[in-house]
Amino acid sequence: MTVRDPFALDGKLPSPEARYQTVVVGAGPSGIAAAIAAARTGQTVLLIDENPVAPDLMRTDVPLFYGMRMTGAVETPDRMVETLLATCPALEIALDLGVEVLLGTAAWGLYAPQPGLAALPEPMLGLADAARSWLVGFDHLVVAAGARDFALAFDGWDQPGVMGALALEMLLDRYAAFAGRRIVILGSGDLALRTALIALRHGIEVAALVEVRAAAQGDAALVAQVTASGIAILTSAEAMRAEGGADGVERVIIGEQTIACDTVCLAIAAIPAIELLAAAGAKIETASSRGGHVPVHGAGGATSLPRVTAIGDCAGIENTRDTLAYRADWIAAAGRSCAAQTNICQCEEVSRADLLGVQPPRYLGDRSPAIAARSLCTLLNDGPPDQDQVKRLTRAGMGVCQGRRCRDQVSLLLAAAAGLSPEAAPFTGYRAPVRPIPLAVLADWNEAPGVQEGWDVWFGVPAQWTPYRDIDTPREAMHIAILSGGGHI
1 MTVRDPFALD GKLPSPEARY QTVVVGAGPS GIAAAIAAAR TGQTVLLIDE NPVAPDLMRT
61 DVPLFYGMRM TGAVETPDRM VETLLATCPA LEIALDLGVE VLLGTAAWGL YAPQPGLAAL
121 PEPMLGLADA ARSWLVGFDH LVVAAGARDF ALAFDGWDQP GVMGALALEM LLDRYAAFAG
181 RRIVILGSGD LALRTALIAL RHGIEVAALV EVRAAAQGDA ALVAQVTASG IAILTSAEAM
241 RAEGGADGVE RVIIGEQTIA CDTVCLAIAA IPAIELLAAA GAKIETASSR GGHVPVHGAG
301 GATSLPRVTA IGDCAGIENT RDTLAYRADW IAAAGRSCAA QTNICQCEEV SRADLLGVQP
361 PRYLGDRSPA IAARSLCTLL NDGPPDQDQV KRLTRAGMGV CQGRRCRDQV SLLLAAAAGL
421 SPEAAPFTGY RAPVRPIPLA VLADWNEAPG VQEGWDVWFG VPAQWTPYRD IDTPREAMHI
481 AILSGGGHI
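Letter 14 of the sequence shown, counting from 1, is numbered 14 in my numbering, and no numbers are missing.
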């Protein structure tokens, strides 16, 4: 005899709004190439990209660390779409081949076949633009989400004008909307060196590159090209801070040297953008030579999720060598010079001291003696640091930027405090939606009647409502009998 829960979701969820043989997330070089290749085999193909990003999201440093250095041009979406198309001729090829291209559209959630998702009618991808959200189905999903910026907390990093290298490149190359004129770049690896050359090409003055290690870290040919342009690389740097005024950064102090600038560009590392894959349950591994936390994948980029492939920088950034140790060196150098009350999490105002003390944000009010006595040392008595646990206790990473500015440095700070190597640093999970989506956009306003029925019993089984005092007593059976008969609010 088969017993079926009448309030289960099986068979009640609607099919996706549209279906494609191949869906590609990310219209960078890898994503466009994948879409074109699929279209040439006669497949139905959807290519989505979140650019142009809404100005409000850019102001929260999502998906890149823009640092409020955008011009007013980003306030005109139609102009931004035209600029993006003009700077990416390959998109026209994709369109000519019949690829459906959606710009200004973010992928906020991936639901692939696996235990716990049996109620889904098929594999689905959640999408959202400025007006609505919807689901699409696919035979094959290609994730080409690229990379995001690595942020570094130091004195003065929480003011306009401190930004990431990938954001700078996007504003210069794709948006034509960078508001700065004179920049200082932190880092001297290939990313920093390429960023300097990109800035020069756009007429931006590069005052200096700053390096905490004893020598420049990038390719020798790139180093020679940068220095030949007259740009100094300051090595063995310590005691860094940024100072500014109403419009943000005005100068950077490196040791005893003061450098006038309007922008500090963090070009220490790029982080593979794995959030969509990780939130969907893809297996993730640590590989310093590929950029840090990356999806486990086989030939052709096949991930542990059925029908899902990862390509490009989100699958791993090549030639990054000792990127985790390099980031840790920068965090250690910044820690030696910045104040204990420097916020490590800007959104939730969690200071470096409060993070390592495992304290809640000060805006929550007075701390009880028990909480005040808590520290990372007391947590370490129970085992290695768990970043998800620390996140819940301190709120570091819970802000509107979804941890993009702090999660990676928090992980390395916890590892250092626990005496772990950077490669053993804790990894905190991701959850959908992996982009900040307004509830008015995310809401399902056309929910099927069958889904609405019995919603109040989805959150548990009848025994969940049995009082603790009645468990293992005759009254437990009575509760189950009553609740099994309906149990509705």
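By construction, the Cβ of each residue, glycine as well, lies at the ideal position given by its N, Cα and C atoms.
Within 10 angstroms of its Cβ, does residue 72 collect 16 or more other Cβ (buried), or is it exposed?
Indexing the sequence shown from 1 puts residue 72 at position 72. Classification for residue 72: exposed.
To the nearest angstrom, how far is the alpha carbon of residue 245 from that of residue 81?
By one-based count along the sequence shown, residue 245 stands at place 245. By one-based count along the sequence shown, residue 81 stands at place 81. Their Cα atoms are separated by approximately 33 Å.
Can you tell me which of the three DSSP states residue 257 falls into?
Within the sequence shown, residue 257 is the residue found at index 257, counting from 1. Here residue 257 sits in strand by DSSP.
Counterpart residues of residue 19 in DSSP-defined beta bridges
For the purposes of this step, residue 19 is identified with residue 19 of the sequence shown, where counting begins at 1. For residue 19, which the question treats as bridged, DSSP gives the partners 137.
Distance CB(residue 241)-CB(residue 156) smaller than 8 Å
The residue given as residue 241 occupies position 241 in the sequence shown. The residue given as residue 156 occupies position 156 in the sequence shown. Yes. Within cutoff.
Residue 489 classed as buried or exposed, judged by whether at least 16 other C-beta atoms fall within 10 angstroms
As a position in the sequence shown, residue 489 is number 489, starting the count at 1. Only weak support is given to the placement of residue 489: the predicted model assigns it a pLDDT of 43, under 50, and the value that follows is read from those uncertain coordinates. Classification of residue 489: exposed, given that the 10 Å Cβ count is below 16.
Segment limits, alpha helix (DSSP H) that includes residue 192:
Here residue 192 refers to the residue found at position 192 when the sequence shown is read from its first residue. Per DSSP, residue 192 is one residue of the alpha helix (DSSP H) stretching across 190 to 201.
Please report the residue range of the beta strand (DSSP E) in which residue 111 lies.
If you number the sequence shown from 1, residue 111 lands on position 111. Segment 106 to 111, the beta strand (DSSP E) holding residue 111.
CA-CA distance, residue 112 and residue 183?
Your numbering for residue 112 matches position 112 in the sequence shown. Your numbering for residue 183 matches position 183 in the sequence shown. Looking at the two C-alpha atoms, the distance is approximately 43 Å.
Evaluate residue 429 with the Cβ neighbour count: other Cβ atoms within 10 Å of its Cβ, from every protein chain shown; 16 or more gives buried, anything less gives exposed.
Numbered from its first residue, the sequence shown carries residue 429 at position 429. Result: exposed.
Give me the residue from 47, 198, 18 and 9 with the minimum Cα distance to residue 30.
Your numbering for residue 30 matches position 30 in the sequence shown. Of the candidates 47, 198, 18 and 9, the one whose C-alpha sits nearest the C-alpha of residue 30 is 47.
Reference residue 38; option with closest CA among 79, 78, 94 and 444
Translated into the one-based positions of the sequence shown, residue 38 becomes position 38. Minimum Cα distance to residue 38 is reached at 94.
Please report the straight-line C-alpha distance between residue 450 and residue 133, rounded to a whole angstrom.
As a first step, residue 450 must be located in the sequence shown, where it is residue number 450. As a first step, residue 133 must be located in the sequence shown, where it is residue number 133. Those two C-alpha atoms are separated by around 20 Å.
Less than 6 Å between C-beta atoms, sequence neighbours within five positions excluded: which residues of the same chain meet that for residue 471?
By 1-based counting over the sequence shown, the position of residue 471 is 471. Within the same chain, residue 471 has no close Cβ partners at all.
Counting C-beta neighbours from all protein chains within 10 Å, is the total for residue 422 16 or more, i.e. buried, or is it exposed?
Stepping through the sequence shown from its first residue, residue 422 is reached at position 422. Under this definition residue 422 is a buried residue.
Since residue 316 contacts residue 287 with CB under 8 Å, what's their CB separation in whole angstroms?
The sequence position of residue 316 within the sequence shown is 316, counting from 1. The sequence position of residue 287 within the sequence shown is 287, counting from 1. Indeed, because the Cβ distance is near 6 Å, the residues count as touching under 8 Å.
Are the stretch 260 to 270 and the stretch 316 to 332 in contact at 8 Å, needing three or more beta carbon pairs?
The stretch 260 to 270 and the stretch 316 to 332 touch, with no fewer than 3 CB-CB distances between them shorter than 8 Å.
CB residue 99 to CB residue 35, shorter than 8 Å?
Numbered from its first residue, the sequence shown carries residue 99 at position 99. Numbered from its first residue, the sequence shown carries residue 35 at position 35. A contact, by the Cβ cut-off of 8 Å.
Sequence ranges, beta strand (DSSP E) only - wholly within the stretch 15 to 100, length at least 3:
Scanning the stretch 15 to 100 for uninterrupted beta strand (DSSP E) segments of 3 residues or longer gives 18 to 25 and 45 to 49, listed from N- to C-terminal end.
Using a Cβ-Cβ cut-off of 7 Å (strictly less than) and excluding sequence neighbours within five positions of residue 215, which residues of its own chain qualify?
Residue mapping note: residue 215 aligns to position 215 of the sequence shown, counting from 1. Excluding residues within five positions, the ones whose Cβ falls inside 7 Å are 235.
Residue 211 and residue 237 look like a contact to me (Cβ under 8 Å); what is the Cβ gap, rounded to whole Å?
In the sequence shown, counting from the first residue as 1, residue 211 sits at position 211. In the sequence shown, counting from the first residue as 1, residue 237 sits at position 237. Contact annotation, residue 211 with residue 237: C-beta distance approximately 6 Å; criterion of less than 8 Å satisfied.
Work out the CA separation of residue 137 and residue 445 for me, nearest whole Å.
Reading the sequence shown from its first residue, position 445 is the one you call residue 445. Reading the sequence shown from its first residue, position 137 is the one you call residue 137. Rounded to the nearest angstrom, the two C-alpha atoms are 20 Å apart.
Taking the runs of the beta strand (DSSP E) that are 3 residues or longer, which of them lie wholly in the stretch 200 to 241?
Counting only unbroken stretches of 3 or more residues, the beta strand (DSSP E) elements lying wholly within the stretch 200 to 241 are 205 to 210 and 232 to 234, in sequence order.
Residue 6: which of 452, 474, 477 and 480 sits nearest, CA to CA?
For the purposes of this step, residue 6 is taken as the residue at position 6 of the sequence shown. Comparing Cα-Cα distances from residue 6 to each of 452, 474, 477 and 480, the minimum goes to 452.
What separation, rounded to the nearest whole angstrom, lies between the Cα atoms of residue 325 and residue 405?
Position 325 of the sequence shown, counted from the start, is the residue given in the question as residue 325. Position 405 of the sequence shown, counted from the start, is the residue given in the question as residue 405. Rounded to whole angstroms, residue 325 to residue 405 spans 18 Å at the Cα level.
With H, G and I counted as helix, E and B as strand and the rest as coil, what does DSSP make of residue 400?
The residue you call residue 400 lines up with position 400 of the sequence shown. Here residue 400 sits in coil by DSSP.
Quick one: using the 10 Å Cβ neighbour count with 16 as the cut-off for buried, is residue 169 buried or exposed?
By one-based count along the sequence shown, residue 169 stands at place 169. Buried, by the Cβ-count rule.
Whole-number beta carbon distance between residue 64 and residue 167, since they are thought to touch under 8 Å:
For this step, residue 167 is matched to residue 167 along the sequence shown. For this step, residue 64 is matched to residue 64 along the sequence shown. Yes, residue 167 and residue 64 are in contact; Cβ-Cβ is about 4 Å, under 8 Å.
Would you check if the distance between the CB atom of residue 355 and the CB atom of residue 410 is smaller than 8 Å?
Reading the sequence shown from its first residue, position 355 is the one you call residue 355. Reading the sequence shown from its first residue, position 410 is the one you call residue 410. For residue 355 and residue 410, yes; Cβs fall inside 8 Å.
Using C-beta distances below 6 Å, list every residue in its chain close to residue 109, excluding the 5 sequence neighbours before and after it, in chain order.
Taking the sequence shown and counting its residues from 1, one reaches residue 109 at position 109. For residue 109, where only same-chain residues beyond five positions count, the Cβ hits under 6 Å are 126, 432 and 433.
Stretch-stretch touch, CB-based, cutoff 8 Å, three pairs: the stretch 380 to 400 with the stretch 328 to 338:
By the Cβ criterion, the stretch 380 to 400 is not in contact with the stretch 328 to 338, since fewer than three pairs of Cβ atoms, one from each stretch, lie closer than 8 Å.
Pick helix, strand or coil for residue 302, following the three-state DSSP scheme.
In the sequence shown, the residue the question calls residue 302 occupies position 302. The DSSP-derived three-state label of residue 302 is strand.
Please classify residue 489: does DSSP put it in a helix, a strand, or coil?
Here the question's residue 489 lines up with position 489 in the sequence shown. Low confidence applies to residue 489: its pLDDT is 43, below 50, so where it sits in the model is not reliable, and the reading given next is rough at best. Residue 489 falls in the coil class under three-state DSSP.
Backbone CA spacing between residue 69 and residue 135 [nearest angstrom]
Stepping through the sequence shown from its first residue, residue 69 is reached at position 69. Stepping through the sequence shown from its first residue, residue 135 is reached at position 135. Residue 69 and residue 135 have their alpha carbons spaced roughly 33 Å apart.
With a threshold of 16 other CB atoms inside 10 Å of the CB of residue 424, please say whether the residue is buried or exposed.
As a first step, residue 424 must be located in the sequence shown, where it is residue number 424. The residue is exposed, with fewer than 16 neighbouring Cβ atoms inside 10 Å.
Thinking just about the alpha-carbon of each residue, which of 221, 266, 188 and 400 is nearest to the one in residue 232?
Residue numbering aside, residue 232 sits at position 232 when the sequence shown is read from its first letter. Comparing Cα positions, the closest option is 188.
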